[in-house]
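Novice: Residue numbers (full-length UniProt numbering), protein chains in the order written: chain A, 1 to 296; chain B, 1 to 296; chain C, 1 to 296. From the three backbone atoms N, C-alpha and C, an ideal C-beta is built for every residue, glycine too. One structure, as structure tokens, below. Some questions next.
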Amino acid sequence: MTTARAASELELSPIVAGLWRITEWNLSVQERVRWIEQALELGITSFDHADIYGDYSAEALFGEALHAAPGLRGRMQLVSKCGIRLRSTQRTYRVNHYDTAATYVRTQVEQSLRNLHTEQLELVLIHRPDYLMDAAALAETFATLTREGKVAHWGVSNHSTSQFALLHQHHALATNQLELSPLQMDALDDGTLDQAQQLGLRPMIWSPLAGGRLFSDEDEQAVRVRAEMETVAARLGISLTTLAFAWVLRHPSRPYPITGTRRVEGLREAVAALDVSLDAEDWYAIWTASKGHGVP
Amino acid sequence: MTTARAASELELSPIVAGLWRITEWNLSVQERVRWIEQALELGITSFDHADIYGDYSAEALFGEALHAAPGLRGRMQLVSKCGIRLRSTQRTYRVNHYDTAATYVRTQVEQSLRNLHTEQLELVLIHRPDYLMDAAALAETFATLTREGKVAHWGVSNHSTSQFALLHQHHALATNQLELSPLQMDALDDGTLDQAQQLGLRPMIWSPLAGGRLFSDEDEQAVRVRAEMETVAARLGISLTTLAFAWVLRHPSRPYPITGTRRVEGLREAVAALDVSLDAEDWYAIWTASKGHGVP
Amino acid sequence: MTTARAASELELSPIVAGLWRITEWNLSVQERVRWIEQALELGITSFDHADIYGDYSAEALFGEALHAAPGLRGRMQLVSKCGIRLRSTQRTYRVNHYDTAATYVRTQVEQSLRNLHTEQLELVLIHRPDYLMDAAALAETFATLTREGKVAHWGVSNHSTSQFALLHQHHALATNQLELSPLQMDALDDGTLDQAQQLGLRPMIWSPLAGGRLFSDEDEQAVRVRAEMETVAARLGISLTTLAFAWVLRHPSRPYPITGTRRVEGLREAVAALDVSLDAEDWYAIWTASKGHGVP
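In structure tokens, the structure reads:
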């Protein structure tokens with residue numbers, strides 16, 4: 001069983017589906033069940049959530065589908081995140097802020113479990129690096145919730161190498177979920193992907209399509225990148241989306257890219273990237289277009 | 001006895017008094033004795049010096065008071081720094097520069113001992129990272145001066161993570177004294193505070209009031225921060241100074257902030273921060289005001 | 001014999017000669033032999049190459065000299081680099097890019113061996129950090145080529161600390177070849193030189209004269225640095241070139257600076273730096289001129 005195996009070593013599907021926009025999809029429960037089934041049929045068995053997505057309401061929409069079709073849960077891995085206190089109508093904070101105190105992490109994890117109608121999450125990430133994180137205390141929270149069977153693995157998202165190292169020293173983290181795309185390449189140079197490789201941990205990658213900007217932005221960088229990618233995609237006979245996922249997947253850290261699309265065709269385009277062998281020249285041609293200059 | 005305990009593990013008072021401006025205070029010896037007594041009565045038992053403060057004359061002013069009231073020394077921890085060759089009337093260097101060679105460190109430490117009328121300094125810091133530092137040789141200097149009983153602990157100030165790691169590999173350092181304030185937050189992101197936590201070392205913090213700019217600067221950042229802090233301070237019924245210290249103390253590295261004030265009321269306001277429980281929302285509201293944008 | 005000793009521990013001559021411009025020197029084979037002999041007589045026994053220098057033709061020019069005067073090879077250490085696919089007339093890549101796959105590294109190393117008429121290279125460096133590097137696979141390539149006797153030591157060039165650490169974890173690297181000069185001081189602050197010292201590895205330094213810009217550039221920084229260096233050089237009775245090498249050599253990482261000159265007098269000026277004791281004040285005066293402000 002996936003959950004049992006995950007307890008020893010985290011394994012996600014090579015493409016992960018992200019649900020941060022599910023509230024905008026306006027799907028009925030049955031449509032959501034169907035969408036999940038189609039994802040599973042494509043081999044997308046890992047689903048990436050966060051407590052705050054859709055103004056704290058996204059998880060529950062997904063959970064309704066799991067409740068309506070109980071057979072689905074056993075075929076998937078559920079990932080969620082917590083640690084952000086986001087202003088919303090019910091939460092009138094003065095400013096958005098982070099909170100990694102035991103109480104809040106526990107509250108949010110248990111809420112995610114209820115939302116998703118499940119007993120356990122395969123993976124929970126601290127969404128953003130909290131300057132006020134007490135690493136030892138947070139590790140204790142991790143250990144307790146793991147002991148209670150509520151969370152199988154823990155990780156972080158958007159953490160620098162030193163932030164990661166600090167928490168990893170107290171509790172073995174499974175991943176760092178980072179942004180990487182043909183339009184956003186900071187992770188190539190800031191050491192986070194090097195660190196992941198050094199630790200043998202596969203990063204998750206958010207926004208491999210730069211949140212859609214890859215297709216729509218008209219700034220110089222996007223125009224350059226799109227032109228280069230269209231040339232490569234045409235030669236390889238694949239879509240721009242497939243190429244973007246192939247570009248991310250080409251990284252030696254063996255990343256898990258997340259697709260945020262509702263369209264089943266979009267999922268299919270992401271999965272198609274698993275069959276693309278992008279050569280170094282094409283990879284660097286896209287890098288070059290993104291930077292606006294050649295490699296040194 | 002404090003000194004004996006310090007030999008095994010460095011312990012400073014939760015608020016440290018900094019003497020870098022003592023030469024501007026124009027206090028008689030008896031007034032200095034009285035000032036020290038008042039600090040001690042407030043629980044401020046650690047005093048932060050540097051060889052170069054007050055154009056190399058600050059330590060001696062403090063030392064005169066210790067000489068006049070010999071009972072004081074046993075109730076305090078003395079911290080000093082060396083490693084900068086600062087131009088002055090007696091020192092006509094072409095440029096300010098650093099020197100961490102054995103001869104210079106020894107000379108300056110022994111001068112600090114004489115200035116402060118003491119046999120031992122609880123802690124000596126290398127004031128700035130010296131690009132020409134020979135880490136192995138400097139560690140040998142540390143070890144020799146420790147063996148001679150002249151210095152109990154060694155540390156550094158303003159060192160990057162890699163500079164710290166290099167010297168720490170050769171001699172166990174006790175602290176990195178860093179700048180942190182509501183107006184200067186680089187240490188939150190450059191890894192130095194993460195490193196301190198990973199090593200279990202409590203950082204010292206200089207200029208928690210941004211050298212007074214927090215109260216007086218009229219630039220956009222300072223105006224924003226002051227407005228936010230005045231709101232929080234009013235709600236908590238504390239002064240702006242107390243809030244600034246509470247903001248620094250809230251960091252999980254358990255920092256030792258340094259107050260540089262002559263005013264006993266100022267010392268009291270710093271110490272009052274030890275009783276303030278700043279919540280994460282207020283802490284991040286100040287962060288947000290300082291950055292001019294919310295957390296990501 | 002040098003080669004045998006190098007197999008256990010890499011040792012280069014304190015000044016290294018770089019051949020990246022040899023194709024511009026227009027020397028006959030006998031002139032190249034004479035140039036090498038003069039370098040050796042000056043104690044410059046290490047020669048720095050790369051597969052791509054001179055549009056992939058530099059190594060062969062040097063190799064012709066070794067072939068013509070077979071006694072030379074045993075008196076020197078050969079360094080080369082690979083990993084860049086540079087566009088050229090024979091190589092019509094769409095963009096310059098990197099390639100650290102086993103096939104390409106092997107092909108280039110074996111080509112370097114043929115070009116240089118030698119059985120073994122004392123040191124081969126990965127020329128630039130390849131984002132697509134598979135560290136474990138590359139380490140395996142290193143091990144295989146070492147086992148075959150083709151390369152004694154491996155290193156990298158221009159790698160960040162995390163890039164270095166990743167590969168070093170898989171195969172012990174001998175050096176990181178970095179840029180450092182009075183006009184380019186990034187390596188002082190980016191951690192690479194700290195890392196080298198922490199690992200006890202001596203860095204190689206390229207462009208200690210900033211590629212000649214030190215003498216010719218008219219921008220503000222170069223003018224300031226030249227003025228300061230001329231003052232120091234005049235006082236010490238040395239040339240600007242000697243001073244630049246002395247400035248680099250003063251760094252505690254014990255760097256191996258590379259001279260790229262054809263002129264024997266230029267080699268002599270570089271070697272003369274080994275007898276210069278630059279004091280910290282002069283070193284920092286040059287730093288100050290380069291930065292345009294004093295040390296903090």
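(1) Report the CB separation of Gly-294 (chain B) from Asn-176 (chain A) in whole angstroms; it is logged as a contact under 8 Å.
(2) Judging by CA-CA distance, which residue of A:Ala-69, A:Ile-52, A:Val-16, A:Gly-191 is the nearest neighbour of Ala-273 (chain A)?
(3) Check whether the segment 84-101 of chain A touches the segment 21-35 of chain A, counting contact only when three or more Cβ pairs, one atom from each stretch, lie closer than 8 Å.
(4) Specify the secondary structure class of Val-156 (chain A) as computed by DSSP and reduced to three states.
(5) Buried or exposed: which applies to Asn-26 (chain A), given that a residue is buried once 16 or more other Cβ atoms fall within 10 Å of its Cβ?
(6) Less than 7 Å separating the beta-carbons of Leu-13 (chain A) and Glu-59 (chain A)?
(7) Would you mind stating whether Ala-139 (chain B) and Leu-10 (chain B) have Cβ atoms separated by less than 7 Å?
(8) Using a Cβ-Cβ distance cut-off of 7 Å, determine whether Leu-166 (chain A) contacts chain B.
(9) Which residues mark the beginning and the end of the alpha helix (DSSP H) in which Trp-283 (chain C) is found?
(10) Which residue's Cα is closest to the Cα of Asp-219 (chain A): A:Ala-196, A:Leu-243, A:Asp-282, A:Ala-289?
(11) At a CB-CB cut-off below 7 Å, which residues of chain B make contact with His-97 (chain A)?
(12) Report the neighbours of Gln-169 (chain A) on chain D: residues whose CB is nearer than 8 Å to its CB, in chain order.
(13) Pick helix, strand or coil for Asp-194 (chain B), following the three-state DSSP scheme.
(14) What residues from the segment 181-192 of chain A come within 8 Å of chain C, judged by C-beta to C-beta, listed N to C?
(15) When the cut-off is 7 Å and only beta carbons count, does Asp-48 (chain A) lie next to chain C?
(16) Does Arg-5 (chain B) have its Cβ less than 7 Å from a Cβ in chain C?
(17) For Tyr-93 (chain A), which residues in chain B fall below 7 Å Cβ to Cβ?
(18) Here's a check: name, in chain order, each residue in its chain whose Cβ is nearer than 6 Å to the Cβ of His-49 (chain B), leaving out the five neighbours to either side.
(19) At a Cβ threshold of 7 Å, is Thr-175 (chain C) touching chain B?
(20) Give the residues of chain B in contact with Asp-194 (chain C), contact being defined as C-beta atoms less than 8 Å apart.
(21) Return the chain-ordered list of same chain residues with a C-beta closer than 7 Å to the C-beta of Arg-75 (chain B), the five sequence neighbours on each side being excluded.
(22) Quick one: is Asp-134 (chain A) near chain B, going by C-beta distance under 7 Å?
(23) By DSSP, does Val-276 (chain C) sit in helix, in strand, or in coil?
(24) Considering only C-alpha positions, which residue in the set C:Ala-244, C:Leu-236, C:His-117, C:Glu-110 is nearest to Glu-64 (chain C)?
(25) Got a sec, what are the start and stop residues for the beta strand (DSSP E) Val-295 (chain C) sits in?
(26) For Arg-250 (chain B), which residues in chain A fall below 8 Å Cβ to Cβ?
(27) Is the Cβ of Thr-100 (chain B) closer than 7 Å to any Cβ of chain A?
(28) What residues in its chain sit with their C-beta under 7 Å from that of Thr-261 (chain C), if we drop five residues either side in the sequence?
(29) Helix, strand or coil for Leu-180 (chain A)? Go by DSSP, reduced to three states.
(30) Which of the three DSSP states, helix, strand or coil, is assigned to Leu-66 (chain B)?
(31) In whole angstroms, what separates the C-alpha of Glu-32 (chain B) from that of Met-204 (chain A)?
(32) With a cut-off of 7 Å, does the C-beta of Thr-288 (chain C) fall near any C-beta of chain B?
(33) Helix, strand or coil for Ala-17 (chain B) per DSSP?
(34) List the endpoints of the continuous beta strand (DSSP E) containing Val-248 (chain A).
(35) Report yes or no: do three or more beta-carbon pairs, one from the segment 209-223 of chain A and one from the segment 102-112 of chain C, lie closer than 8 Å?
(36) What first and last residue would you give for the alpha helix (DSSP H) that runs through Leu-125 (chain B)?
Specialist: Per the coordinate set shown:
(1) What you label residue 294 (chain B) is simply residue 294 of the second sequence in a count that begins at 1. What you label residue 176 (chain A) is simply residue 176 of the first sequence in a count that begins at 1. Actually they do not touch by this definition, with Cβ atoms about 22 Å apart.
(2) As a first step, residue 273 (chain A) must be located in the first sequence, where it is residue number 273. For Ala-273 (chain A), the nearest C-alpha among the options comes from A:Val-16.
(3) Between the segment 84-101 of chain A and the segment 21-35 of chain A, the count of Cβ pairs shorter than 8 Å is below three; the stretches do not touch.
(4) Here residue 156 (chain A) refers to the residue found at position 156 of the first sequence. Of the three classes helix, strand and coil, the one that applies to Val-156 (chain A) here is strand, per DSSP.
(5) Looking up residue 26 (chain A) in the first sequence gives position 26. The residue in question, Asn-26 (chain A), is exposed, as its Cβ has fewer than 16 Cβ neighbours within 10 Å.
(6) Counting from 1 along the first sequence, the entry for residue 13 (chain A) is found at position 13. Counting from 1 along the first sequence, the entry for residue 59 (chain A) is found at position 59. Reading off the sequence, residue 13 (chain A) comes out as Ser, not Leu. In this structure, Glu-59 (chain A) does not lie closer than 7 Å to Ser-13 (chain A) by Cβ.
(7) Counted from its first residue, the second sequence places residue 139 (chain B) at position 139. Counted from its first residue, the second sequence places residue 10 (chain B) at position 10. A distance of 7 Å or more separates the beta carbons of Ala-139 (chain B) and Leu-10 (chain B).
(8) Position 166 of the first sequence, counted from the first residue, corresponds to residue 166 (chain A). For Leu-166 (chain A), the answer is yes, since a Cβ of chain B falls inside 7 Å of its Cβ.
(9) Locating residue 283 (chain C) in the third sequence gives position 283, counting from the first residue. Its alpha helix (DSSP H) spans residues 280-291.
(10) Position 219 of the first sequence, counted from the start, is the residue given in the question as residue 219 (chain A). Comparing Cα positions, the closest option is A:Ala-289.
(11) Taking the first sequence and counting its residues from 1, the one referred to as residue 97 (chain A) is at position 97. Within 7 Å Cβ-Cβ: Ala-280, Glu-281, Tyr-284, Val-295.
(12) In summary, chain D is missing from the structure at hand, where the protein chains are A, B and C.
(13) Here residue 194 (chain B) refers to the residue found at position 194 of the second sequence. The answer is helix: DSSP assigns Asp-194 (chain B) an H, G or I state.
(14) Leu-188, Asp-189, Gly-191
(15) Indexing the first sequence from 1 puts residue 48 (chain A) at position 48. So, not an interface residue.
(16) Residue mapping note: residue 5 (chain B) aligns to position 5 of the second sequence, counting from 1. Low local confidence applies: a pLDDT of 39 at Arg-5 (chain B) is under 50, so the model's placement there is unreliable, with the coordinate-based value given in what follows. Not one chain C Cβ lies under 7 Å of Arg-5 (chain B).
(17) By 1-based counting over the first sequence, the position of residue 93 (chain A) is 93. Glu-281, listed in chain order.
(18) The sequence position of residue 49 (chain B) within the second sequence is 49, counting from 1. For His-49 (chain B), where only same-chain residues beyond five positions count, the Cβ hits under 6 Å are Leu-19, Glu-59, Ser-80.
(19) Counting from one through the third sequence, the residue named residue 175 (chain C) turns up at place 175. Judged by the 7 Å Cβ criterion, Thr-175 (chain C) is not in contact with chain B.
(20) Along the third sequence, one-based indexing puts residue 194 (chain C) at 194. Correct list: Ser-160, Ser-162, Gln-163, Ala-165, Leu-166.
(21) Residue mapping note: residue 75 (chain B) aligns to position 75 of the second sequence, counting from 1. Cβ neighbours of Arg-75 (chain B) beyond the five flanking positions: Leu-40, Thr-45.
(22) For the purposes of this step, residue 134 (chain A) is taken as the residue at position 134 of the first sequence. Chain B, which has a Cβ nearer than 7 Å to the Cβ of Asp-134 (chain A), makes this yes.
(23) Within the third sequence, the letter at position 276 stands for residue 276 (chain C). Note: Val-276 (chain C) maps to coil in three-state DSSP.
(24) For the purposes of this step, residue 64 (chain C) is taken as residue 64 along the third sequence, with counting starting at 1. Looking at the Cα atoms, C:His-117 is the closest of the given residues.
(25) The residue labelled residue 295 (chain C) in the question sits at position 295 within the third sequence. No beta strand (DSSP E) holds Val-295 (chain C); DSSP gives it neither H nor E.
(26) Counting from one through the second sequence, the residue named residue 250 (chain B) turns up at place 250. Neighbours of Arg-250 (chain B) on chain A, chain order: Leu-132.
(27) The residue you call residue 100 (chain B) lines up with position 100 of the second sequence. Any Cβ of chain A closer than 7 Å to the Cβ of Thr-100 (chain B) would place that residue at the interface, and such an atom is absent.
(28) The residue labelled residue 261 (chain C) in the question sits at position 261 within the third sequence. If we look at Thr-261 (chain C) and ignore the five residues flanking it on each side, its Cβ neighbours are Leu-267.
(29) As a position in the first sequence, residue 180 (chain A) is number 180, starting the count at 1. The answer is coil: DSSP assigns Leu-180 (chain A) none of H, G, I, E or B.
(30) As a working note, residue 66 (chain B) is residue 66 in the second sequence. The answer is helix: DSSP assigns Leu-66 (chain B) an H, G or I state.
(31) Position 32 of the second sequence, counted from the first residue, corresponds to residue 32 (chain B). Position 204 of the first sequence, counted from the first residue, corresponds to residue 204 (chain A). For the record, residue 32 (chain B) in the displayed sequence is Arg; it is not Glu. Going by C-alpha positions, Arg-32 (chain B) is about 59 Å away from Met-204 (chain A).
(32) Mapped onto the third sequence, residue 288 (chain C) falls at position 288. So, interface residue.
(33) Taking the first residue of the second sequence as 1, we reach residue 17 (chain B) at position 17. Residue state, collapsed to three classes: strand.
(34) Taking the first sequence and counting its residues from 1, one reaches residue 248 (chain A) at position 248. Taken as a continuous stretch (DSSP letters only), Val-248 (chain A) belongs to no beta strand (DSSP E), being part of the alpha helix (DSSP H) at 240-249.
(35) no
(36) Here residue 125 (chain B) refers to the residue found at position 125 of the second sequence. Per DSSP, Leu-125 (chain B) belongs to no alpha helix (DSSP H); it is in the beta strand (DSSP E), 121-126.
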